[in-house]
Amino acid sequence: MYAIRSYYVAFIPCPYALRAFIELLPEYSKTPAITSFQKLCELLPMAQLWPRLRASTLLQHNQYIELACTALQEIGMLELDVWPEYVLSWLEAHPVISFGCSANASMMFASMWHGHRINECALTLQSCDEIKDFARVAQWMGNAPNLKRLQIRHEAHIMHEDGLKLLFDAIKLSGIVELDVANYADDDFSYCMYDHLIEWLGTSHARRLSITALHVADRDKVNSLVTAIRSSQLESLEIAFMDDVTKVLFEEKIPKSLHTLSINLARIGTAESFSNSIANSSLAHLTIVNRTRQLAPTYDKTMSRVISALAALPYLQTLDITYINMNNRALTALQETIPKLQSLESLSLTCFGSKPHYLPGWLTLLLPTCPKLHRLGLRNVYWSANDVNLWNDINWPTLKLLCVRGSKVESETLHMAAPSVHLCCNDDMDHLKCCFTEPEKVSHTIEAVEKQSYLCL
Numbered sequence: 011m012y013a014i015r016s017y018y019v020a021f022i023p024c025p026y027a028l029r030a031f032i033e034l035l036p037e038y039s040k041t042p043a044i045t046s047f048q049k050l051c052e053l054l055p056m057a058q059l060w061p062r063l064r065a066s067t068l069l070q071h072n073q074y075i076e077l078a079c080t081a082l083q084e085i086g087m088l089e090l091d092v093w094p095e096y097v098l099s100w101l102e103a104h105p106v107i108s109f110g111c112s113a114n115a116s117m118m119f120a121s122m123w124h125g126h127r128i129n130e131c132a133l134t135l136q137s138c139d140e141i142k143d144f145a146r147v148a149q150w151m152g153n154a155p156n157l158k159r160l161q162i163r164h165e166a167h168i169m170h171e172d173g174l175k176l177l178f179d180a181i182k183l184s185g186i187v188e189l190d191v192a193n194y195a196d197d198d199f200s201y202c203m204y205d206h207l208i209e210w211l212g213t214s215h216a217r218r219l220s221i222t223a224l225h226v227a228d229r230d231k232v233n234s235l236v237t238a239i240r241s242s243q244l245e246s247l248e249i250a251f252m253d254d255v256t257k258v259l260f261e262e263k264i265p266k267s268l269h270t271l272s273i274n275l276a277r278i279g280t281a282e283s284f285s286n287s288i289a290n291s292s293l294a295h296l297t298i299v300n301r302t303r304q305l306a307p308t309y310d311k312t313m314s315r316v317i318s319a320l321a322a323l324p325y326l327q328t329l330d331i332t333y334i335n336m337n338n339r340a341l342t343a344l345q346e347t348i349p350k351l352q353s354l355e356s357l358s359l360t361c362f363g364s365k366p367h368y369l370p371g372w373l374t375l376l377l378p379t380c381p382k383l384h385r386l387g388l389r390n391v392y393w394s395a396n397d398v399n400l401w402n403d404i405n406w407p408t409l410k411l412l413c414v415r416g417s418k419v420e421s422e423t424l425h426m427a428a429p430s431v432h433l434c435c436n437d438d439m440d441h442l443k444c445c446f447t448e449p450e451k452v453s454h455t456i457e458a459v460e461k462q463s464y465l466c467l
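Numbering (my numbering), first residue to last: 11 to 467.
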């Protein structure tokens with residue numbers, strides 16, 4: 011019974027679906043870990059519990075640490091996004107619990123680890139790094155039994171080419187299936203990284219790639235990287251601030267293996283190429299950040315075409331769009347497209363433009379046509395008094411969660427008349443209870459602590 015539970019739990023991506031699944035289990039089959047997890051579900055937002063429980067959450071609610079300790083033995087993963095001392099001692103006392111470390115660690119600090127229990131880690135490359143640090147990290151990384159995800163942040167003004175070769179030789183031999191690489195400094199790093207990424211994509215275990223600001227002025231290298239992406243078995247791809255790569259990627263159909271796509275664009279190329287590229291694909295999760303600086307009518311035309319393209323995604327479950335504004339064309343495209351998204355379960359629309367943007371009133375008749383949609387985010391938009399009245403009168407039995415972070419309400423209050431709808435982030439103090447996840451993930455750096463504290467790593 012335990013093996014069956016563990017198998018199914020691992021393949022439930024939605025935290026709310028996981029909670030519903032656990033509630034279906036008969037009481038006699040619930041282990042102490044499952045019971046503890048259910049209690050945590052009543053105390054903390056589900057999005058902060060699954061698929062990972064962050065140490066920063068426990069830092070704010072340390073009275074729940076014993077419940078978390080019991081639950082993590084079977085369900086979820088602890089993510090060390092901060093480094094409170096009591097978590098170190100807790101991990102040392104519970105050697106069976108593996109965890110991920112997303113707090114940025116320098117190569118010097120990471121060289122002290124052994125990697126036996128780490129599921130993921132985040133490394134920051136700095137100018138002070140030495141080749142011996144790369145060698146030590148590469149040594150334990152190549153033998154880390156649980157390591158599946160690696161984040162690399164390049165902040166150095168020089169590039170350690172020999173150190174990077176050691177690191178990626180170990181990565182290719184390891185079981186790492188998810189790679190996240192970002193460049194915040196030297197462009198030489200980007201040129202070097204293209205070669206390493208192409209080799210990693212050629213391995214049989216590459217499943218998720220996230221790349222940020224890897225700029226190269228070389229069309230051939232860009233083409234080679236996109237070719238490697240197409241030839242791989244990637245299931246998830248995230249590209250930010252690399253419009254040259256996305257432009258080439260959208261010249262042809264995206265790979266059928268892709269289930270998740272996230273793009274952050276300063277220009278979307280041609281909306282037609284984007285539409286043709288994603289049409290009838292296997293995408294279930296799509297995130298689009300459109301930072302294109304265009305005149306309002308042109309931007310509205312671009313957004314309308316992007317939105318219209320979504321109708322050709324038969325498996326789309328989660329959609330997250332961040333945009334500058336939507337005018338009549340884009341809003342009309344929403345009206346025509348949303349009723350066609352019959353598999354949609356979660357929708358987030360975030361405006362980061364400065365002009366007042368009234369959106370909720372357009373959606374009252376549309377969103378209830380999505381039979382599976384239960385989680386909705388309308389962020390940084392304006393609610394007129396009439397919008398509030400319309401939403402209070404709406405009959406939408408599937409909606410359970412509504413996030414209104416950053417919204418401006420012209421009436422005195424915003425509330426949902428339906429008692430089954432949980433409204434979150436409607437004031438400045440409510441962000442930690444967000445039904446999606448913590449709105450802003452702060453990147454923490456591991457501070458120097460006593461060397462024996464790294465025994466748990």
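Don't be surprised by glycine CBs; every beta carbon is placed ideally from N, CA and C.
| Asked | Found |
| --- | --- |
| 8 Å CB neighbourhood of Cys-202 in its chain, flanking five on each side removed | Met-169, Glu-171 and Leu-174 |
| One or two residues paired with Arg-86 in a DSSP bridge | Just to set this straight, residue 86 is Gly in the shown sequence, not Arg. Answer by DSSP bridge pairing: none, since Gly-86 is not bridged. |
| Cβ neighbour criterion (16 or more within 10 Å) applied to Thr-256 | buried |
| Cβ pair count under 8 Å reaching 3, the stretch 54 to 69 against the stretch 77 to 89 | yes |
| Identified DSSP bridge partners for Thr-222 | Ala-192 and Ala-250 |
| Pick from Tyr-368, Ser-116, Ser-353 and Val-414 that is closest to Ser-394, judged by C-alpha positions | Tyr-368 |
| Leu-133 versus Gly-371, Tyr-26, Phe-119 and Arg-127, residue with shortest Cα-Cα distance | Phe-119 |
| Phe-2 (DSSP reduced to helix, strand or coil) | Residue 2 is absent from the model: the chain starts at 11 and stops at 467. |
| Distance between Asp-403 and Leu-320 (C-alpha atoms, nearest Å) | 28 Å |
| Cβ neighbour criterion (16 or more within 10 Å) applied to Arg-415 | buried |
| Assigned exposure category for Leu-305 - 16 Cβ within 10 Å defines buried | exposed |
| Residue range of the alpha helix (DSSP H) that includes Arg-6 | Since the first residue shown for the chain is 11 and the last is 467, residue 6 is missing from the structure and cannot be characterised. |
| Where Ala-30 falls, given that 16 or more other Cβ within 10 Å makes a residue buried | exposed |
| Nearest-angstrom Cβ-Cβ length linking Tyr-325 and Ala-294, presumed shorter than 8 Å | 5 Å |
| Cα-Cα separation, Asp-230 to Ser-220 | 20 Å |
| Option in Asn-153, Ala-166 and Pro-155 with minimal Cα separation from Cys-138 | Ala-166 |
| Through-space distance from Gly-125 to Thr-408, alpha-carbon basis | 44 Å |
| Under the three-state DSSP convention, the category Gln-58 falls into | helix |
| Own chain residues within Cβ distance below 6 Å of Ala-238, not counting five before or after | Ile-208 and Leu-211 |
| Where Asp-330 sits in the DSSP three-state scheme | strand |
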